[in-house]
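Chains as they are written, first to last, in the working numbering: chain X, 39 to 125; chain Z, 39 to 125; chain Y, 39 to 125; chain D, 39 to 125; chain R, 39 to 125. Positions of the beta carbon are idealized from the N, C-alpha and C atoms, including for glycine. Computed from a predicted model, the values in this text were never measured in an experiment.
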Amino acid sequence: MITAKLIGNVWATRKAEALSGFKLMLAEEIGGINEGRRLIVVDIISAGIGDRVIICTGSSARRMLGNDDIPVDAVVVGIIDEDCNFK
Amino acid sequence: MITAKLIGNVWATRKAEALSGFKLMLAEEIGGINEGRRLIVVDIISAGIGDRVIICTGSSARRMLGNDDIPVDAVVVGIIDEDCNFK
Amino acid sequence: MITAKLIGNVWATRKAEALSGFKLMLAEEIGGINEGRRLIVVDIISAGIGDRVIICTGSSARRMLGNDDIPVDAVVVGIIDEDCNFK
Amino acid sequence: MITAKLIGNVWATRKAEALSGFKLMLAEEIGGINEGRRLIVVDIISAGIGDRVIICTGSSARRMLGNDDIPVDAVVVGIIDEDCNFK
Amino acid sequence: MITAKLIGNVWATRKAEALSGFKLMLAEEIGGINEGRRLIVVDIISAGIGDRVIICTGSSARRMLGNDDIPVDAVVVGIIDEDCNFK
């Protein structure tokens with residue numbers, strides 16, 4: 039998984055039907071040599087802009103949604119505690 | 039998923055039979071440290087050149103096509119609304 | 039998928055039995071920030087050195103071979119038409 | 039797989055239910071051109087901070103957990119022996 | 039797949055049980071813009087240090103082992119012939 043900060047909402051009126059109802063957010067990787075990499079992720083645990091989150095990617099992302107037929111490759115799987123400090 | 043701009047059509051007369059009928063487009067990633075990365079993607083939601091889209095990659099891309107046997111690893115899953123601004 | 043140019047043949051007398059009979063070629067990505075990335079790919083559509091091709095990677099590559107048990111993660115899925123120009 | 043050093047614990051009170059009870063750690067890749075890349079990994083073999091470990095990623099990571107439904111894409115699969123030296 | 043040179047053995051006494059008996063080696067990618075990338079790979083075709091090999095990654099790597107439950111994401115699938123020259 040990677041550490042990222044949620045930096046915005048993504049709105050897409052025209053999209054795959056299977057994505058209806060899912061909240062899409064823009065995430066930016068934090069730390070390490072990929073700092074600043076951008077991903078669009080699905081959030082189903084009520085994370086918000088500014089949160090530092092754990093992003094799971096690839097086929098494993100679909101495991102978070104309980105439905106293997108959804109075309110999603112990145113999801114928020116956790117919100118890092120505010121008092122969890124690492125550089 | 040990643041944010042990309044569709045920048046061209048890709049024509050390939052000789053290709054896998056399973057790809058017949060699918061529209062192939064050239065996409066260029068927008069934003070973050072991978073800005074400018076190129077991908078060839080399948081579009082089945084009538085996106086057009088110049089559109090800013092959401093690209094899903096890997097095995098999840100096949101979920102968009104409703105057929106797990108197609109050799110495709112990147113598809114357009116949404117068109118980002120014009121008034122959705124993020125840097 | 040990615041755009042690449044086929045630049046050579048790869049010969050490996052000692053290899054996985056499941057790979058017997060498959061043509062292996064060296065491909066070099068074209069365009070974007072990953073220009074120059076090298077991959078070894080399987081070709082079953084009679085592409086040749088110098089051809090500009092579409093490469094599918096990951097589990098989707100196995101879909102091209104009609105056999106999910108082959109240890110291959112990159113295949114040629116199409117040959118880009120000569121008159122298809124994009125930068 | 040990649041070689042990485044475990045450099046911290048990751049605490050996330052709000053997370054996917056399927057992740058409950060799993061130890062999450064921050065890992066930093068060692069060696070080669072991706073030196074310094076950061077990943078959050080699951081550890082179930084009692085590795086500790088400072089250990090040099092082998093990280094398996096993608097769908098294969100789920101194989102380590104004996105449950106294909108867990109949204110995890112990186113796990114510790116081994117601890118490199120202290121007297122195993124490579125640059 | 040990628041081209042790599044095997045540059046060392048990797049010893050891990052504490053590791054996933056499913057990895058017992060597999061030879062782990064350190065590989066370094068050759069050629070292209072990812073030259074110098076390091077991977078830990080499983081070898082079951084008796085490759086040795088110094089050999090130039092073909093590495094298959096991701097879920098396809100498990101196909102080489104004949105057992106889909108092993109947490110491995112990179113394996114040697116072929117040894118490139120010594121007289122196969124490419125830059």
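- In the structure shown, R:Leu57 falls within a helical segment according to DSSP collapsed to helix, strand and coil.
- Assignment of beta-bridge partners to Z:Cys94 by DSSP yields Z:Val113.
- The Cβ-Cβ distance between Z:Val113 and Z:Ile78 does not fall below 8 Å.
- A contact between stretches requires three or more CB pairs, one per stretch, nearer than 8 Å, and the region 46-64 of chain Z fails this requirement with the region 62-80 of chain R.
- Per DSSP, Y:Ile68 lies in no beta strand (DSSP E) and is assigned neither H nor E.
- Residue-level contact check: X:Val91 does not touch chain Z, since none of the beta carbons of chain Z fall below 8 Å from its beta carbon.
- The beta-carbon separation of Z:Thr41 and X:Asp111, rounded to 13 Å, does not stay under the 8 Å limit for a contact.
- Distance from the CA of Z:Lys43 to the CA of X:Pro109, rounded to the nearest whole angstrom, comes to 19 Å.
- Nearest CB-CB separation between Z:Ile82 and chain Y: not below the 8 Å threshold.
- Looking from the CA of Z:Gly46, the closest CA among Z:Asp81, Z:Leu57, Z:Glu73, Z:Gly70 belongs to Z:Asp81.
- The continuous beta strand (DSSP E) containing Y:Ala42 extends over residues 40-47.
- With respect to the C-alpha of D:Glu120, the residue from D:Gly88, D:Ser97, D:Gly70 having the closest C-alpha is D:Gly88.
- Cβ-Cβ distances below 8 Å link R:Asp106 to Arg100 in the same chain, with the five nearest sequence neighbours on each side left out; the list follows chain order.
- Beyond the five residues adjoining it in sequence on each side, R:Ala54 comes within less than 7 Å, by CB distance, of Pro109 in the same chain, given in chain order.
- Excluding five sequence positions before and after Z:Arg76, the CB atoms of its chain that fall closer than 6 Å to its own CB belong to Glu66, given in chain order.
- Residue state for Y:Arg75 is assigned as coil, using DSSP reduced to three classes.
- A distance below 7 Å between beta-carbons, with the five flanking residues on each side excluded, links D:Ala56 to the following residues of its chain, in chain order: Asp107, Ile108, Pro109.
- Going by beta carbons, Y:Asn72 and R:Ile71 fall inside the 8 Å limit.
- Shown here for Y:Gly116: same chain residues with a beta carbon closer than 6 Å to its own, the five before and five after excluded, namely Ile92 in chain order.
- The closest CA to that of Z:Arg90, considering only Z:Arg52, Z:Gly104, Z:Ser58, Z:Ile118, is found on Z:Ile118.
- Y:Ala85 is the residue among Y:Gly69, Y:Thr51, Y:Ala85 whose C-alpha sits nearest the C-alpha of Z:Ala50.
- Setting aside the 5 residues that flank it on each side, D:Met39 is surrounded in the same chain by Ile92, Ile93, Cys94, Val115, each with a C-beta closer than 7 Å to its C-beta; the list follows chain order.
- Just so you know, the alpha carbons of R:Ser98 and D:Ser98 end up roughly 10 Å apart.
- A Cβ of chain Y is located within less than 8 Å of the beta carbon of Z:Ser97.
- Taking C-alpha positions only, X:Gly104 is separated from D:Ile68 by approximately 34 Å.
- Contact note: D:Asp107 reaches chain X through Arg101, using a C-beta cutoff of 7 Å and chain order.
- Here Z:Asp119 is not bridged, per DSSP, to any residue.
- Taking the CA atoms as reference points, R:Ser58 sits about 28 Å from R:Gly74.
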